[in-house]
Amino acid sequence: MGKEEKYDFVIIGGGPATRNLNRYLRTLNPDASVAVIRKEERIANHCSIPYIIDGSVPLEGGGLVSDGRITNYGSRLIKERVVSGDPESKYVVTDAGNRFNYDKLIFAVGSQEVVPPVPGIDLPGVLKMRFIDDLRASLRVIDEKRSFVVLGAGY
Numbered sequence: 099m100g101k102e103e104k105y106d107f108v109i110i111g112g113g114p115a116t117r118n119l120n121r122y123l124r125t126l127n128p129d130a131s132v133a134v135i136r137k138e139e140r141i142a143n144h145c146s147i148p149y150i151i152d153g154s155v156p157l158e159g160g161g162l163v164s165d166g167r168i169t170n171y172g173s174r175l176i177k178e179r180v181v182s183g184d185p186e187s188k189y190v191v192t193d194a195g196n197r198f199n200y201d202k203l204i205f206a207v208g209s210q211e212v213v214p215p216v217p218g219i220d221l222p223g224v225l226k227m228r229f230i231d232d233l234r235a236s237l238r239v240i241d242e243k244r245s246f247v248v249l250g251a252g253y
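Position one of the sequence shown corresponds to residue 99 (the numbering used here), numbered consecutively onward.
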């Protein structure tokens with residue numbers, strides 16, 4: 099097993115809700131220890147995705163959320179995937195084998211895209227837009243194709 103750490107609050111997630119929750123927790127409880135665990139190495143600014151796609155905002159220059167949105171408040175950012183836990187014993191374990199004990203656990207994992215059950219939805223070139231890797235794959239397709247269809251527009 100890896101290392102073991104203890105926090106007052108452990109937040110699982112990485113999107114806007116996580117960032118705002120982290121800020122409020124640290125503002126209201128400046129002495130509290132907070133860890134944010136997210137599976138992604140980098141997070142796309144979801145509001146910037148249309149502008150990244152049309153080229154008016156560069157992915158690396160403005161389309162990615164700074165890790166400082168977590169760490170500047172004194173919270174620890176852990177880039178690992180939570181794979182198990184025990185709510186009675188109050189801990190989670192990550193794919194790196196690390197155990198994080200907590201007083202309070204908060205899930206802020208965001209939404210899940212709705213993929214309609216239509217024929218061909220699993221074909222190459224049919225992409226969804228949720229994580230940074232999805233965005234990068236979409237940008238590659240856009241660079242290679244002359245036309246494409248966008249189905250859905252929410253985030």
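We treat Cβ as the ideally placed atom computed from N, Cα and C, and that holds for glycine.
State the beta-bridge partners of residue i as determined by DSSP.
i: residue 162; result: 142
i: residue 182; result: 191
With a Cβ-Cβ cutoff of 9 Å, do residue i and residue j count as a contact?
i: residue 102; j: residue 199; result: yes
i: residue 140; j: residue 163; result: yes
i: residue 180; j: residue 137; result: yes
i: residue 160; j: residue 233; result: no
i: residue 167; j: residue 120; result: yes
i: residue 100; j: residue 208; result: no
i: residue 226; j: residue 211; result: yes
Compute the beta-carbon to beta-carbon distance between residue i and residue j, rounded to the nearest angstrom, for a pair I have assumed lies under 8 Å.
i: residue 206; j: residue 173; result: No, residue 206 and residue 173 are not in contact; Cβ-Cβ is about 13 Å, not under 8 Å.
i: residue 255; j: residue 105; result: Only positions 99 to 253 of the chain appear in the structure, and residue 255 is not among them; the question remains open.
i: residue 193; j: residue 178; result: 6 Å
i: residue 151; j: residue 230; result: Incorrect: roughly 13 Å between the Cβ atoms, too far for contact.
Ends of the beta strand (DSSP E) at residue i?
i: residue 175; result: 174-177
i: residue 111; result: 102-111
Please list the terminal residues of the continuous alpha helix (DSSP H) segment that includes residue i.
i: residue 239; result: 230-242
i: residue 127; result: Element bounds for residue 127: n/a, residue is neither H nor E.
i: residue 149; result: 147-151
Three or more beta-carbon pairs under 8 Å between the region 211-222 and the region 122-129, yes or no?
-> Using a Cβ-Cβ distance cut-off of 8 Å, the region 211-222 and the region 122-129 are not in contact, since fewer than three pairs of beta carbons, one from each stretch, lie closer than that value.
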